[in-house]
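Trainee: Can you read through this structure? Questions will come right after.
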Amino acid sequence: MKKLILFQGDSVTDCQRTGNPEALPLGIGYPYMVAARYQADHPGSGVEFINRGISGNRVVDLYARWKIDALNLKPDVLSILIGVNDTWHEFARQNGVEVERAETIYRMLLEWTRRELPMVKLVLCEPFVLEFGVVEPPWVIEMKARSAMVKKLAAEYDAIFVPFQSIVSAGAEAAGDPAVILRDGVHPTPVGHQLMADAWLAAVTPFI
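Residues 5 to 212, numbered by our numbering, are exactly what the sequence shown covers, in order.
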């Protein structure tokens, strides 16, 4: 039976999709790489991949469009990566979403999803940064709290947890330069996206 895998999130997931959705329906980042690798490894599987990440989104923005961009699509696997803008927008323009409120909204989103799509397999991806570029030390402290919150929610909602922070941190250490993995401390390079795609596939493929 045909399965639908949906990626949701912000610019890291969007990755040029919204600028040209007809030519780049999956963007050029980790969702694209995941789909290409999976479909090459499983020809004829009939698995369909959709990307609905939108650059700049915070968890509140995700919640606002959740019905049309997630629930109405009725995915079998739903992958969510959100959180860095909840921190970034606060430091940049005092319009972020503090960790406690973000957890409340994220939990509402998951409860809504479980109610409407009881059989969906949830994948909660860890938000991440590296301390360089636009990222200042206070970001790192707050992002650690966001990561812990997402990991906790993944356990509570029987979701797969993909540890992107440890993946990008290890990649930066191995490369000897964080800019090999993230362009500005937030947005992945092609190498960073490939590491994310590999980690996502390793965690999720057994459940597809």
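Glycine residues also receive a C-beta, built at the ideal position from the N, C-alpha and C atoms.
1) What residues are listed by DSSP as bridge partners for F53?
2) Does Q169 pass the burial test, meaning 16 or more other C-beta atoms within 10 Å, or should it be called exposed?
3) State the Cα-Cα distance for the pair L134 and E140, rounded to the nearest angstrom.
4) Within the same chain, show all residues whose beta-carbon is closer than 7 Å to that of M112, passing over the 5 residues directly before and after it, in chain order.
5) What are the residues that DSSP puts in a beta bridge with L85?
6) Report yes or no: do three or more beta-carbon pairs, one from the stretch 95-106 and one from the stretch 116-124, lie closer than 8 Å?
7) If the criterion is Cβ atoms closer than 8 Å, does the pair P29 and N61 meet it?
8) Going by the beta-carbon positions, is the gap between I171 and A203 smaller than 8 Å?
9) Pairs of beta-carbons, one from the stretch 82-97 and one from the stretch 9-24, closer than 8 Å: are there three or more?
10) Please report the distance separating the alpha-carbon of V74 from that of D181.
11) Answer with buried or exposed for G175, where buried requires no fewer than 16 other C-beta atoms within 10 angstroms of its C-beta.
12) Can you have a look at E160 and say buried or exposed, based on whether 16 or more other CB atoms are within 10 angstroms of its CB?
13) Please classify E107 as buried or exposed, where buried requires at least 16 neighbouring CB atoms within 10 angstroms.
14) Do you know whose CA, among A183, A179, V166 and L157, lies nearest Y34's CA?
Mentor: This is what the structure holds:
1) I9
2) buried
3) 9 Å
4) Y67
5) G13
6) no
7) no
8) yes
9) yes
10) Contrary to the premise, residue 74 reads as Ala rather than Val in this sequence. So the alpha carbons of these two residues sit roughly 36 Å apart.
11) buried
12) exposed
13) buried
14) V166
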